[in-house]
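Peer 1: Handing you this structure, nothing more for now.
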């Protein structure tokens with residue numbers, strides 16, 4: 024049984040973390056370090072944006088099957104920085120490796136912040152040295168790392184679970200993620216990029232890679248705040264095996280636990296979308312295949328018209344069908360079913376492709392369902408068996424304000 | 024030489040128009056009628072949204088090579104209305120045909136307004152009969168038609184040109200379009216759908232069809248206000264040949280004139296995007312092929328992050344590159360060039376893939392360029408010769424307000 028507990032990335036055996044102020048940002052913590060006692064099997068998901076930040080390029084090129092540490096800075100994304108940016112990302116790895124007395128290839132690197140500015144490496148070097156001397160275990164250190172990478176988020180995207188695997192070993196999984204936070208005006212702030220670190224003391228082999236991809240596809244890759252994918256998105260899973268159990272690659276209990284952690288993180292990122300007041304969950308079923316189900320979900324959660332209608336609790340469900348129509352996926356308009364849920368309300372909208380109602384009273388029911396912190400759209404395409412779920416948020420005045428004033 | 028003149032859809036020889044109040048809307052004109060003295064060669068572009076409104080389905084099924092009249096209602100989109108909607112659209116054609124004493128297949132039909140409500144056919148029938156008795160020629164009648172289809176637009180999307188063709192014939196082209204208008208709160212209003220009527224007294228044969236598609240692809244199909252394509256978009260070109268010249272299919276002067284008209288309409292739709300304060304023109308060059316150039320343009324003009332940055336004159340050009348990276352098109356990051364223009368300013372941002380500047384003074388120049396009613400982004404992908412241009416608008420508080428309150 025998967026059990027959520029109060030914990031973070033240092034909850035699994037053998038992980039230490041910290042966060043320090045290097046000076047890249049004016050005041051707040053801006054440099055984080057995570058280290059495992061022993062080399063951990065590493066599984067990494069990267070942004071598929073063709074413009075990749077320097078740290079992403081470096082990590083992808085090295086593609087190390089194990090990592091022992093990860094260094095992360097905020098305040099500067101080290102993106103669109105050309106050859107100099109690549110050198111800076113390499114230097115971050117080298118400095119951390121020297122401080123921790125490990126091979127540079129064993130150090131992962133992530134950056135988030137403004138695009139198109141060179142890193143101040145003097146400050147970053149200083150920060151890494153400082154962090155290396157201050158690593159620790161426990162909630163205090165989880166929080167320091169969290170602060171260093173997620174200062175602008177309004178909700179902490181952190182969780183931990185424990186689960187007893189099939190062979191009897193108790194293992195822990197901890198995760199932290201930085202997503203699009205709501206932003207105080209007139210500050211230089213982070214944006215959009217999601218950086219995630221997941222630690223576990225379970226043992227995994229390189230064969231686990233496709234399963235990690237599957238979990239990412241079902242969770243992180245189904246979150247959308249604005250459809251704009253960052254140059255820096257990176258999600259690292261480190262499994263150091265220090266719980267001493269058997270290899271968990273094929274253990275369904277481990278999969279269940281990891282998926283629970285990643286689903287929680289994904290939902291929290293959506294809830295904390297820039298300016299968001301509501302979580303939108305979209306469940307598409309009856310699709311021809313999984314790819315089509317995902318495509319329909321994404322078209323709906325990315326539609327500015329759907330998102331702003333939900334912000335205003337405007338019962339304009341035609342926009343959901345318009346978004347479906349634009350997704351290009353196959354559906355049977357004569358059989359489509361659409362339900363909107365929120366709070367205690369569950370309102371059928373379309374049945375067999377036709378509006379269930381025309382009267383004002385029913386319109387009011389849709390409005391009431393939409394007037395909740397969490398609104399769920401269920402859409403049955405009536406052409407197959409495949410299903411997908413995704414998460415997004417409403418489009419609000421604050422989204423516009425935040426993004427019109429980002430770098431100023 | 025193409026000359027813009029004060030005119031509209033009744034400027035070309037042989038076209039009459041009007042607009043009346045049928046009662047579908049509370050007060051304003053809501054039903055328009057256009058008629059040609061003789062059957063006109065008809066070329067129609069439809070929404071590619073898979074959820075098509077009833078009038079679109081009916082028009083596509085009949086696919087008539089000639090049209091003599093077009094009937095248009097606003098206030099109700101007749102979309103998501105199932106079999107009954109199809110019957111209603113057919114009835115609109117039949118009633119108009121009977122009134123005008125022509126074959127129903129000679130009548131085009133378009134609707135715009137709320138989705139998912141049945142038409143009040145009693146009112147619509149009344150409106151069509153009334154309109155048929157009040158057709159006329161001249162600016163007064165252009166305006167009545169305009170009012171009936173575009174009451175919520177803040178800018179009239181109408182123009183006319185004259186051009187002397189290669190064979191010496193003087194021909195006229197008139198156009199009117201209804202796009203996404205800014206909306207007074209708490210009213211039931213139109214949305215998003217673009218309906219366009221283009222009239223000309225030039226003579227065209229059915230062979231002109233691919234050229235019409237090319238012009239639509241270069242103009243109307245390169246406009247995006249929010250990336251959400253309507254269920255109702257329809258663009259009808261009627262050529263009645265009453266100028267008595269030779270067939271203009273292959274006359275480059277006619278193509279130039281028609282493209283000038285459609286470009287003007289397209290730009291005006293973007294300028295009048297919901298809540299818009301600025302026109303954004305995106306020109307992508309150096310692309311591998313035209314499809315890729317268009318794809319890159321659309322990804323950039325649809326990016327909420329780019330749109331909100333331009334609203335706030337926020338010099339966050341990294342977002343343009345992020346959008347390019349997400350478009351999936353090929354580019355050479357080592358050679359990419361990016362320039363932002365606005366007013367008198369023309370600011371190079373990236374040259375050979377690297378930032379041209381780092382200093383605050385230059386950031387200020389980008390801000391000044393963005394602080395104009397019209398902002399142009401020029402992006403050279405450095406992998407080929409193809410080029411495309413598109414138009415969009417900024418994402419503003421008013422966009423959110425309008426769309427959060429649309430149907431309420």
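Protein chains in written order, with our numbering: chain A, 24 to 431; chain B, 24 to 431.
From the three backbone atoms N, C-alpha and C, an ideal C-beta is built for every residue, glycine too.
Is it a yes or a no for the segment 27–38 of chain B touching the segment 187–196 of chain B, going by three-plus beta-carbon pairs under 8 Å?
Peer 2: Judged by Cβ distances under 8 Å, the segment 27–38 of chain B makes contact with the segment 187–196 of chain B, as three or more pairs qualify.
Peer 1: Answer with yes or no whether the minimum CB distance from residue 334 of chain B to chain A is below 8 Å.
Peer 2: It does: the Cβ of residue 334 of chain B has a partner Cβ on chain A nearer than 8 Å.
Peer 1: Name, going along the chain, the residues of the segment 402–428 of chain B whose beta-carbon falls closer than 7 Å to a beta-carbon of chain A.
Peer 2: Those would be 418, 419, 420, 423, 426, 427, 428, in chain order.
Peer 1: Pull up the distance between the alpha-carbon of residue 73 of chain A and that of residue 104 of chain A, whole angstroms please.
Peer 2: Going from the Cα of residue 73 of chain A to the Cα of residue 104 of chain A covers about 14 Å.
Peer 1: Quick check: is the beta carbon of residue 37 of chain A nearer than 8 Å to any beta carbon in chain B?
Peer 2: It does not; no Cβ of chain B falls within 8 Å.
Peer 1: Counting beta carbon pairs with one atom in the segment 53–60 of chain B and one in the segment 95–102 of chain B, are three or more of them shorter than 8 Å?
Peer 2: A contact exists between the segment 95–102 of chain B and the segment 53–60 of chain B.
Peer 1: Whose Cβ in chain B lies nearer than 7 Å to the Cβ of residue 134 of chain A?
Peer 2: Near residue 134 of chain A there are no residues of chain B at all, since even the closest Cβ is about 13 Å away, more than 7 Å.
Peer 1: With 16 other CB atoms within 10 Å as the buried threshold, where does residue 327 of chain B fall?
Peer 2: Its Cβ being crowded by 16 or more others within 10 Å, residue 327 of chain B is buried.
Peer 1: By alpha-carbon positions, which one of A:338, A:64, A:340, A:322 ends up nearest to residue 227 of chain A?
Peer 2: Nearest option by C-alpha distance: A:64.
Peer 1: Of the residues A:375, A:351, A:342, which one's Cα is nearest the Cα of residue 357 of chain A?
Peer 2: Ranking the options by Cα distance to residue 357 of chain A, first place goes to A:375.
Peer 1: So, at 7 Å on beta carbons, what are the nonlocal neighbours of residue 396 of chain A in its own chain, with the 5 sequence-adjacent residues on each side left out?
Peer 2: Answer for residue 396 of chain A: 301, 302, listed in chain order.
Peer 1: Could you check where the beta strand (DSSP E) with residue 354 of chain A kicks off and where it finishes?
Peer 2: Premise fails: residue 354 of chain A is in no beta strand (DSSP E) and is neither H nor E.
Peer 1: What are the partner residues of residue 153 of chain A, as DSSP defines its beta bridges?
Peer 2: Residue 153 of chain A is not bridged to any residue.
Peer 1: Once you ignore the five residues that flank residue 81 of chain B on each side, which residues in its own chain have a CB closer than 8 Å to its CB?
Peer 2: 109, 112, 113, 116, 132.
Peer 1: Indicate whether residue 274 of chain B and residue 189 of chain B have their beta-carbon atoms separated by less than 8 Å.
Peer 2: For residue 274 of chain B and residue 189 of chain B, yes; Cβs fall inside 8 Å.
Peer 1: Could you give the distance in angstroms between the alpha-carbon of residue 224 of chain B and the alpha-carbon of residue 245 of chain B?
Peer 2: Computed Cα separation, rounded: 26 Å.
Peer 1: Can you grab the Cα-Cα spacing for the pair residue 325 of chain A / residue 318 of chain A, in whole Å?
Peer 2: Looking at the two C-alpha atoms, the distance is approximately 11 Å.
Peer 1: With a threshold of 7 Å on Cβ separation, who are the neighbours of residue 313 of chain A within its own chain once the five nearest residues in sequence on each side are excluded?
Peer 2: Cβ neighbours of residue 313 of chain A beyond the five flanking positions: 409, 411.
Peer 1: Reducing DSSP to helix, strand and coil, say where residue 24 of chain B ends up.
Peer 2: Coil at residue 24 of chain B, not helix or strand.
Peer 1: Which of the three DSSP states is assigned to residue 103 of chain B in this structure?
Peer 2: The answer is coil: DSSP assigns residue 103 of chain B none of H, G, I, E or B.
Peer 1: Go to residue 232 of chain B, then tell me how far its alpha helix (DSSP H) extends in each direction, as first and last residue.
Peer 2: Residue 232 of chain B -> alpha helix (DSSP H) spans 232–241.
Peer 1: At a CB-CB cut-off below 7 Å, which residues of chain B make contact with residue 377 of chain A?
Peer 2: Under the 7 Å cutoff, chain B gives 105.
Peer 1: Quick one: give me the first and last residue of the beta strand (DSSP E) that residue 223 of chain B is part of.
Peer 2: Its beta strand (DSSP E) spans residues 218–223.
Peer 1: Just to confirm, is the Cβ distance from residue 79 of chain A to residue 70 of chain A under 8 Å?
Peer 2: Yes. Within cutoff.
Peer 1: So, for residue 27 of chain B: in the same chain, excluding its five sequence neighbours on each side, which residues have a beta-carbon less than 8 Å away from its beta-carbon?
Peer 2: Taken in chain order, the residues that qualify are 182, 183, 184, 283, 287.
Peer 1: Measuring CA to CA, which of B:129, B:322, B:200 is closest to residue 8 of chain B?
Peer 2: The structure shown does not extend to residue 8 of chain B, since chain B spans only 24 to 431, so no value can be given for it.
Peer 1: Do we get a CB-CB distance below 8 Å when we pair residue 340 of chain A with the residues of chain B?
Peer 2: By this cut-off, residue 340 of chain A is an interface position.
Peer 1: Use the C-beta contact count for residue 436 of chain A: other C-beta atoms within 10 angstroms, 16 or more gives buried, fewer gives exposed.
Peer 2: Coverage of chain A is limited to positions 24 through 431, which leaves residue 436 of chain A absent and any answer about it impossible.
Peer 1: May I ask you to report which of helix, strand or coil DSSP gives residue 62 of chain A?
Peer 2: Residue state, collapsed to three classes: strand.
Peer 1: What are the residues of the segment 158–173 of chain B that lie near chain A, defined by any Cβ-Cβ distance shorter than 8 Å?
Peer 2: Cβ contacts with chain A come from no residue of the segment 158–173 of chain B.
Peer 1: Under a three-way DSSP split, which group does residue 193 of chain A fall into?
Peer 2: Reduced to three states, the DSSP call for residue 193 of chain A is strand.
Peer 1: Between residue 331 of chain A and chain B, is the shortest Cβ-Cβ distance under 8 Å, so that the two count as touching?
Peer 2: Yes, its Cβ sits closer than 8 Å to a Cβ of chain B.
Peer 1: Under a three-way DSSP split, which group does residue 50 of chain A fall into?
Peer 2: Correct three-state label for residue 50 of chain A: coil.
Peer 1: Jot down the residue ranges of each uninterrupted alpha helix (DSSP H) in the segment 292–347 of chain B, minimum 4 residues, whole runs only, in chain order.
Peer 2: With a minimum length of 4 residues, the continuous alpha helix (DSSP H) runs that stay inside the segment 292–347 of chain B are 313–325, 327–334.
Peer 1: Quick check: the Cα distance between residue 378 of chain B and residue 143 of chain A, rounded to an integer number of angstroms?
Peer 2: Rounded to the nearest angstrom, the two C-alpha atoms are 16 Å apart.
Peer 1: Any C-beta of chain A sitting closer than 8 Å to the C-beta of residue 400 of chain B?
Peer 2: Closer than 8 Å: no.
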